[in-house]
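Residue numbers (the numbering used here): 2 to 149.
A virtual CB, placed ideally from N, CA and C, is assigned to each residue, including glycine.
Every value quoted in this text rests on a predicted model; they were computed, and no experiment measured them.
Report on one structure; see the data block that follows.
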């Protein structure tokens with residue numbers, strides 16, 4: 002039986018592929034779980050239309066990510082914090098503070114797109130990766146300086 006894959010399936014194929022599988026496997030496992038569609042003319046046409054829509058949405062997301070990445074390339078975030086001896090911070094700099102500093106500069110980036118392995122606990126300059134989309138990751142310059 003020929004089917005269209007709605008998801009990546011190990012040892013069968015990737016999403017969107019038209020593959021031939023055994024009838025029993027398709028009827029008893031793949032179809033009831035909603036992993037595939039039967040490959041008839043109507044389903045092929047519908048799936049192609051959906052693929053076009055998804056491709057257009059991905060393109061739009063990438064364009065938006067490029068626009069934001071151009072903004073981030075010119076922005077350096079400076080975060081003033083209380084600093085103790087040897088440059089150690091009282092508290093730490095988190096993604097929430099970086100997000101607020103970016104908003105103050107007119108750049109809207111969601112906090113979950115800013116990737117800190119761990120909060121910043123020392124004064125200094127850091128490069129923080131900002132993952133805008135699956136394809137676009139931009140380094141953001143963050144400077145933590147003593148307050149006052």
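Using DSSP's beta-bridge definition, name the partner residues of residue i.
i	result
residue 45	According to DSSP, residue 45 bridges with nothing at all.
residue 82	147
residue 121	94
residue 3	21
Taking the alpha-carbon positions, what's the residue i to residue j distance?
i	j	result
residue 131	residue 110	9 Å
residue 61	residue 55	10 Å
residue 129	residue 122	14 Å
residue 16	residue 53	14 Å
residue 3	residue 12	15 Å
Excluding the 5 residues preceding and the 5 following residue i in the sequence, name in chain order all residues of the same chain whose CB lies nearer than 7 Å to its CB.
i	result
residue 112	96, 97 and 100
residue 133	66, 69, 70, 114 and 139
Less than 6 Å between C-beta atoms, sequence neighbours within five positions excluded: which residues of the same chain meet that for residue i?
i	result
residue 64	none
With H, G and I counted as helix, E and B as strand and the rest as coil, what does DSSP make of residue i?
i	result
residue 70	helix
residue 101	helix
residue 138	strand
residue 126	strand
residue 108	coil
residue 54	helix
Flag residue i as yes when its Cβ comes closer than 7 Å to any non-hydrogen atom of the ligand SAH, and as no otherwise.
i	result
residue 18	Questions concerning the ligand SAH fall outside what the structure shown contains, since it holds no ligand whatsoever.
By Cβ distance, which residues of its chain are closer than 8 Å to residue i, with the 5 residues on each side in sequence left out?
i	result
residue 144	77, 78, 79, 80, 125, 126 and 127
Is it a yes or a no for the region 16-35 touching the region 58-75, going by three-plus beta-carbon pairs under 8 Å?
no
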